[in-house]
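Undergrad: Take the sequence shown: its letter number 209 is residue 333 in the numbering used here, and every next letter is one higher.
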Amino acid sequence: MNSILENQNTDIAYQKAILGSVSRTFALTIPLLPPAIEIVVGNTYLLCRIVDTIEDAAQISPTEKQGLSKLFLDAVLGTIPVASFVTPCLGALKGYSNRDELDLIAHTPTVLSILRTFPNRDQAAISRCIAIMSEGMSHFHSRQSRTGLKDLAEFEEYCYVVAGVVGELLTTIFGHHSPEFAQNIAGNERLALAFGQALQMTNILKDSPEDCARGVSWKPAQMSQTELLKIAYEKLQDSLQYITLIPTKEVGMRRFCFLAFGLAVMTLEKIAARQELSDQALLKVSRNRVWIFYGFTKIAAGNNFLMQSFFYTASGRLRRLAVEAN
């Protein structure tokens with residue numbers, strides 16, 4: 125029994141350490157969650173990051189990406205030994221520059237070992253999320269192009285399989301933890317999709333200079349930056365409504381969501397101030413502003429008026445663009 129607990133503690137220590145290495149943002153937000161769901165959400169993020177790493181690897185062909193995504197999903201579902209994914213994946217990523225992401229893939233057995241300790245209903249929700257994400261990304265691997273996605277409908281579909289489904293998963297996990305939230309969100313599930321999609325739209329716009337440099341665009345063809353920012357602003361409005369449905373006593377869950385929301389607002393506001401997106405570094409929120417906002421969430425996350433006031437104050441350019449677009 126002691127050895128089992130020691131192994132679990134070692135696994136969780138690795139999960140927390142690698143989380144800090146592969147994501148500055150989520151290393152800040154995930155520890156804000158109640159301990160009972162912090163490990164679940166952290167584990168899910170790492171699983172999603174493995175899927176993202178496969179997608180982002182420029183040296184792998186779309187066909188290879190599809191094959192690796194299928195192997196990863198099979199490993200998550202337990203239908204193949206995990207080594208049957210790890211060995212070919214590391215082989216395909218030989219020369220990949222991000223050593224932390226390679227280390228994460230090498231430790232896929234550790235991440236899946238933690239997953240197997242969760243309640244069955246959480247495991248089922250996570251497996252569903254990874255299945256939709258892996259299969260969805262495999263669908264889009266062959267659609268990568270410099271011109272972008274076909275239209276807004278395809279863009280919305282892409283945002284769903286990459287992030288909207290994560291919003292659904294968070295809602296399920298939060299509902300397992302808080303029956304009051306489960307009751308509040310019933311009938312408002314679309315807000316969960318908007319929350320995930322707003323964050324993904326922010327990433328797509330922020331990363332577009334880097335994507336363009338490698339000959340890829342995930343933006344819908346024939347749509348202007350202004351039109352995309354208008355859609356993002358509408359999804360941010362829905363995202364704030366989503367956060368307000370979390371009971372005020374669930375401060376950790378609220379801070380987790382509000383911190384991610386606020387960083388997205390500030391990033392999109394920087395994007396709205398620029399006619400052309402040519403330098404990704406100029407679109408990042410400074411570390412100082414991140415920490416200031418992190419402190420603000422301690423005060424504001426439990427107060428709907430303060431959260432709404434922040435959104436109104438921090439999204440002036442976005443709001444004006446949305447009005448002008450109408």
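Virtual Cβ for every residue (Gly too), placed ideally from N, Cα, C.
Just the Cα atoms here: how many angstroms apart are residue 300 and residue 355?
TA: Within the sequence shown, the letter at position 176 stands for residue 300. Within the sequence shown, the letter at position 231 stands for residue 355. Straight-line Cα distance between these residues: approximately 31 Å.
Undergrad: Throw me the rounded Cβ distance for the residue 284 and residue 321 pair, which I believe falls under 8 Å.
TA: In the sequence shown, residue 284 corresponds to position 160, counting from 1. In the sequence shown, residue 321 corresponds to position 197, counting from 1. With a Cβ gap of about 7 Å, residue 284 and residue 321 count as contacting.
Undergrad: Give me, in chain order, the residues of the same chain whose beta-carbon lies closer than 8 Å to that of residue 142; leave out the 5 immediate sequence neighbours on both sides.
TA: Here residue 142 corresponds to residue number 18 of the sequence shown, with the count starting at 1. If we look at residue 142 and ignore the five residues flanking it on each side, its Cβ neighbours are 170, 224, 227, 228, 231.
Undergrad: Once the 5 residues before and after residue 317 are set aside, which same chain residues still bring their CB inside 6 Å of it?
TA: Position 193 of the sequence shown, counting from 1, holds the residue named residue 317. Hits under 6 Å: 288, 291.
Undergrad: In whole angstroms, give me the CA-to-CA distance for residue 253 and residue 334.
TA: Numbered from its first residue, the sequence shown carries residue 253 at position 129. Numbered from its first residue, the sequence shown carries residue 334 at position 210. Distance between the alpha carbons of residue 253 and residue 334: 27 Å.
Undergrad: With a CB to CB cut of under 7 Å and the five nearest residues on each side skipped, what residues in its chain are close to residue 396?
TA: In the sequence shown, residue 396 corresponds to position 272, counting from 1. Cβ within range, chain order: 353, 441, 442, 445.
Undergrad: Mapping DSSP to helix, strand and coil, what is residue 243?
TA: On the sequence shown, residue 243 is found 119 positions in, with the first residue counted as 1. Correct three-state label for residue 243: coil.
Undergrad: Looking only at DSSP bridge pairs, what is residue 273 linked to?
TA: Position 149 of the sequence shown, counted from the first residue, corresponds to residue 273. In DSSP, residue 273 forms a bridge with 344.
Undergrad: Would you tell me roughly how many angstroms separate the C-alpha atoms of residue 163 and residue 448, rounded to the nearest one?
TA: The residue you call residue 163 lines up with position 39 of the sequence shown. The residue you call residue 448 lines up with position 324 of the sequence shown. About 43 Å.
Undergrad: Ignore the nearest five residues each way along the sequence and tell me which others in residue 172's own chain have a CB closer than 8 Å to its CB.
TA: Looking up residue 172 in the sequence shown gives position 48. If we look at residue 172 and ignore the five residues flanking it on each side, its Cβ neighbours are 253, 254, 257, 290.
Undergrad: What distance in whole Å lies between the Cβ atoms of residue 213 and residue 192, which are believed to be in contact at a cut-off of 8 Å?
TA: Reading the sequence shown from its first residue, position 68 is the one you call residue 192. Reading the sequence shown from its first residue, position 89 is the one you call residue 213. Right, their Cβ atoms sit about 5 Å apart.
Undergrad: Go through its chain and collect everything with a Cβ distance to residue 382's Cβ below 8 Å, but skip five positions before and after it.
TA: By one-based count along the sequence shown, residue 382 stands at place 258. Around residue 382: 367, 421, 424, 425, 431.
Undergrad: With residue 369 as the anchor, note down where its alpha helix (DSSP H) starts and where it stops.
TA: Along the sequence shown, read from residue 1 onward, the residue named residue 369 stands at position 245. Segment: none, residue 369 is in no alpha helix (DSSP H) and carries neither H nor E.
Undergrad: Would you mind working out which of 294, 265, 329 sits nearest residue 314, comparing C-alpha positions?
TA: Translated into positions along the sequence shown, residue 314 becomes position 190. With distances taken between Cα atoms, residue 314 lies closest to 294.
Undergrad: From 394, 190, 133, pick the residue whose C-alpha is nearest to that of residue 327; which is it?
TA: The residue you call residue 327 lines up with position 203 of the sequence shown. Of 394, 190, 133, the residue nearest in Cα terms is 394.
Undergrad: Report the three-state DSSP secondary structure of residue 409 (helix, strand or coil).
TA: To locate residue 409, count along the sequence shown from 1; it is residue 285. Note: residue 409 maps to coil in three-state DSSP.
Undergrad: Taking only runs that begin and end inside the region 195–227, name each unbroken alpha helix (DSSP H) of 4 or more residues, in chain order.
TA: Segments of the alpha helix (DSSP H) lying fully in the region 195–227: 207–216.
Undergrad: So, using beta-carbon positions, are residue 435 and residue 364 closer together than 8 Å?
TA: Position 311 of the sequence shown, counted from the first residue, corresponds to residue 435. Position 240 of the sequence shown, counted from the first residue, corresponds to residue 364. In this structure, residue 364 lies closer than 8 Å to residue 435 by Cβ.
Undergrad: Residue 270: which of 340, 262, 415, 240 sits nearest, CA to CA?
TA: Position 146 of the sequence shown holds residue 270. If we check each option's Cα against that of residue 270, 340 comes out closest.
Undergrad: Exposed or buried, which one is residue 303 when buried takes at least 16 other CB atoms within 10 Å?
TA: In the sequence shown, residue 303 corresponds to position 179, counting from 1. So residue 303 ends up on the exposed side.
Undergrad: Taking the alpha carbon of residue 312 as the point to measure from, which residue in 370, 272, 267 has its own alpha carbon closest?
TA: Along the sequence shown, one-based indexing puts residue 312 at 188. Selected option, being the one with the closest Cα: 370.
Undergrad: Go to residue 332, then tell me how far its alpha helix (DSSP H) extends in each direction, as first and last residue.
TA: Position 208 of the sequence shown, counted from the first residue, corresponds to residue 332. 314–337 is the span of the alpha helix (DSSP H), which, as asked, contains residue 332.
Undergrad: When DSSP labels each residue in this structure, what does residue 395 get in the three-state scheme?
TA: By 1-based counting over the sequence shown, the position of residue 395 is 271. Reduced to three states, the DSSP call for residue 395 is helix.
Undergrad: Am I right that residue 286 and residue 261 are in contact with their C-beta atoms under 8 Å? What's the rounded C-beta distance?
TA: Taking the sequence shown and counting its residues from 1, one reaches residue 286 at position 162. Taking the sequence shown and counting its residues from 1, one reaches residue 261 at position 137. About 7 Å; that satisfies the 8 Å criterion.
Undergrad: Please go through the same chain and pick out, in chain order, the residues whose beta-carbon is closer than 7 Å to the beta-carbon of residue 276, but skip the five residues on each side of it.
TA: Numbered from its first residue, the sequence shown carries residue 276 at position 152. Counting only Cβ-Cβ distances below 7 Å, and skipping sequence neighbours, we find 344, 347.
Undergrad: Can you tell which of 380, 178, 388, 274 has the C-alpha that lies nearest to the C-alpha of residue 196?
TA: Here residue 196 refers to the residue found at position 72 when the sequence shown is read from its first residue. Cα-wise, what sits closest to residue 196 is 178.
Undergrad: How about residue 377 and residue 298: are their beta carbons less than 8 Å apart?
TA: For the purposes of this step, residue 377 is identified with residue 253 of the sequence shown, where counting begins at 1. For the purposes of this step, residue 298 is identified with residue 174 of the sequence shown, where counting begins at 1. In contact: residue 377 and residue 298 (Cβ atoms closer than 8 Å).
Undergrad: Can the beta-carbon of residue 201 be found less than 8 Å from the beta-carbon of residue 380?
TA: Here the question's residue 201 lines up with position 77 in the sequence shown. Here the question's residue 380 lines up with position 256 in the sequence shown. No; because the gap between Cβ atoms is not below 8 Å, this pair is not in contact.
Undergrad: Does the Cβ of residue 415 have 16 or more other Cβ atoms within 10 Å, making it buried, or fewer, making it exposed?
TA: The count along the sequence shown starts at 1 and reaches residue 415 at position 291. Residue 415 is exposed by the Cβ-count criterion.
Undergrad: Within 10 Å of its beta-carbon, does residue 244 have 16 or more other beta-carbons around it, so buried, or fewer, so exposed?
TA: Locating residue 244 in the sequence shown gives position 120, where the first residue counts as 1. Residue 244 comes out exposed.
Undergrad: Going by DSSP, what residue range makes up the alpha helix (DSSP H) through residue 308?
TA: The residue given as residue 308 occupies position 184 in the sequence shown. It spans 303–309 - the alpha helix (DSSP H) in which residue 308 sits, taken as one unbroken run.
Undergrad: State the Cα-Cα distance for the pair residue 409 and residue 387, rounded to the nearest angstrom.
TA: By one-based count along the sequence shown, residue 409 stands at place 285. By one-based count along the sequence shown, residue 387 stands at place 263. If you take the alpha carbons of residue 409 and residue 387, they lie about 7 Å apart.
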